[in-house]
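According to numbering that gives the first Met the number 0, the sequence shown is numbered sequentially starting from 0. Quick reminder that beta carbons are idealized off the backbone N, C-alpha and C, glycines included. Scroll down for the structure; my scribbles are underneath it.
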Amino acid sequence: MNFSLQNITRNNILSLQPYSSARDEFTGEASVFLDANENPFNSPLNRYPDPRQVVLKNQLGILKKQAPNCIFLGNGSDEPIDLLFRAFCEPGEDNVVAIAPTYGMYQVAAGINNIEFREVLLQEDFSLNAEKILSATDSATKLIFLCSPNNPTGNALQQDEIIRIINNFNGLVILDEAYIDFCPDKSLLGNLEQYSNLVILQTLSKAWGLAAIRLGMAFASPEIISVLSKIKYPYNINLLTQEKALEVLQSSEEKELWVKTILQQKEILKKELARLPLILKIYPSDANFILVTTTDAKYIYNSLVNKQIIVRDRSRVALCGEALRITVGTEAENRILLEALKEIGELNRNK
Ligand SMILES: *Cc1c(COP(=O)(O)O)cnc(C)c1O
């Protein structure tokens with residue numbers, strides 16, 4: 000492999016002089032702040048938040064066993080996904096490769112940035128074939144998107160195939176681990192230092208139960224992180240989000256309890272779904288959702304909507320014919336879903 004960050008960074012980004020905010024130019028201790036045209040009243044919300052998120056990154060660094068300069072924080076994972084395109088992909092010239100089916104935001108971000116999006120189908124069992132991915136790349140391929148556990152399929156990709164891709168690609172590999180807390184396989188975060196072209200995405204939106212505060216994380220080499228930091232909006236993480244995240248990250252016990260409960264509920268849900276004639280196949284899941292093949296996805300989806308139960312219709316997605324994606328809810332919510340599916344099945348049989 001012959002990876003050079005300089006080689007894949009757009010020239011306009013290399014030469015960019017980033018915006019220097021008032022809070023950037025002075026970082027020491029002071030008691031009178033007359034530098035940022037803030038209102039002196041309404042403390043603490045009158046002050047701009049820390050643009051570098053120093054305290055939060057230190058705390059997160061301890062939890063994730065990463066140096067703070069290997070962490071980028073974004074307004075959800077969406078922000079680092081978009082910034083990776085803006086930093087490394089020349090509109091109208093470059094391309095990216097992604098597995099299919101997968102999370103829809105990679106393709107949307109590619110479209111916004113006018114970057115060709117090359118989809119490579121997973122195997123029929125949703126496993127990853129590194130050779131197939133690598134052979135879709137060419138000299139204009141800057142990013143490869145992998146997602147493990149993958150959305151909407153639910154399975155973790157094989158680590159040896161992921162590493163084969165990282166080791167044989169001269170651009171960046173983006174590994175989205177949004178669901179890693181639910182997965183029996185270990186995160187690749189512990190091996191991040193070995194891979195200069197790896198970016199790992201995680202989020203507080205799933206296991207941590209904080210989708211509303213919008214905090215996504217990217218982990219990578221300090222060089223990659225500094226490129227992303229250079230082009231982000233200066234105050235991309237607001238004060239309320241920084242404070243809430245800091246509070247929650249000090250103790251991960253509640254998160255671990257939630258994960259354990261959700262995984263137990265998933266096993267019950269899988270068993271019960273398997274008994275329903277409407278459900279033809281249940282795919283293995285390493286996440287907090289289950290992909291199932293049904294007799295008629297659209298009909299079942301609409302029937303559930305009529306009962307005010309919303310699942311995700313994935314039947315028009317590659318390799319996902321007649322599939323619904325079901326998030327694991329509370330015991331009571333799962334029970335309501337199962338009862339509804341039973342009723343829909345019986346109605347159908349009596350027709
Ligand atoms: C839910 C999800 C995310 C989370 O996105 P946020 O912007 O952090 O809320 C990221 N990646 C995948 C694959 C997801 O399914």
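Which residues in the same chain have their Cβ closer than 7 Å to the Cβ of residue i, if we skip the five residues on either side of it in sequence?
i, result
"Asn113", "Pro90, Gly91"
"Leu4", "Glu222, Ile223"
"Ile351", "Lying before the first or after the last residue shown, residue 351 is absent from the chain, which here runs from 0 to 350."
Which residue comes first and which comes last in the beta strand (DSSP E) that contains residue i?
i, result
"Ile199", "197-202"
"Asp81", "Counting along the chain, Asp81 falls outside any beta strand (DSSP E), though it belongs to the alpha helix (DSSP H) covering 77-87."
"Leu290", "288-293"
"Lys280", "278-281"
"Ala99", "94-99"
"Lys141", "140-146"
"Leu174", "171-175"
"Val310", "No beta strand (DSSP E) contains Val310, which DSSP labels as neither H nor E."
"Glu222", "Counting along the chain, Glu222 falls outside any beta strand (DSSP E), though it belongs to the alpha helix (DSSP H) covering 221-230."
So the alpha helix (DSSP H) residue i belongs to, where does it begin and stop?
i, result
"Lys270", "252-273"
"Arg163", "158-166"
"Lys352", "No answer is possible for residue 352: the residues shown for the chain start at 0 and end at 350."
"Ala244", "238-248"
"Arg22", "21-24"
"Val53", "53-63"
Given a cut-off of 9 Å, decide if residue j and residue i are closer than it, judged by their beta-carbon atoms.
i, j, result
"Ile223", "Leu15", "no"
"Phe87", "Gly170", "yes"
"Glu130", "Ala97", "no"
"Gly103", "Ile289", "no"
"Leu277", "Ile299", "yes"
"Gln52", "Ile236", "yes"
"Arg311", "Thr326", "yes"
"Leu247", "Leu191", "The amino acid at residue 247 is misidentified as Leu; the sequence shows Val. No. Outside cutoff."
"Ala296", "Ala322", "yes"
"Gln201", "Ile179", "yes"
Please list, in chain order, all residues of the same chain as residue i whose beta carbon is under 6 Å from its beta carbon, the five residues on each side excluded.
i, result
"Ser302", "Ile343"
"Arg213", "Asn74, Gly75"
"Phe144", "Ala97, Tyr105, Ile173"
"Ser284", "Gly153"
"Ala155", "Ser147, Pro148, Cys182, Asp184, Asp285"
"Lys243", "Ile212"
"Ala206", "Asp180, Lys254, Val258"
Let's test the definition: count the other Cβ atoms within 10 Å of the Cβ of residue i and tell me whether it reaches 16, buried, or not, exposed.
i, result
"Pro43", "exposed"
"Met0", "exposed"
"Leu279", "exposed"
"Pro17", "exposed"
"Phe356", "Lying outside 0 to 350, the shown extent of the chain, residue 356 is not represented and no answer is given."
"Ser19", "exposed"
"Tyr194", "buried"
"Val31", "exposed"
"Ser134", "exposed"
"Glu176", "buried"
"Asn149", "buried"
"Asn41", "exposed"
"Ile132", "buried"
"Asp159", "exposed"
"Asn94", "buried"
"Phe218", "buried"
If you drop the 5 nearest sequence neighbours on each side, which residues of the same chain put their C-beta closer than 8 Å to that of residue i?
i, result
"Ile308", "Ile335, Leu336, Ala339"
"Ile161", "Leu127, Ala129, Leu145, Ser147, Val172, Leu174, Leu187"
"Gln241", "Pro48, Asp49, Gln52, Val54, Leu55"
"Asp77", "Met104, Ala108, Gly215"
"Pro39", "Asn45"
"Ala66", "Gly60, Pro221"
Inset, instruction - Output the residues surrounding ligand 1, defined as those with a CB atom closer than 6 Å to any ligand heavy atom, in chain order. - result: Here the residues come out as Gly75, Ser76, Asp77, Tyr102, Cys146, Asn150, Asp175, Ala177, Thr202, Ser204, Lys205, Ala210, Gly215.
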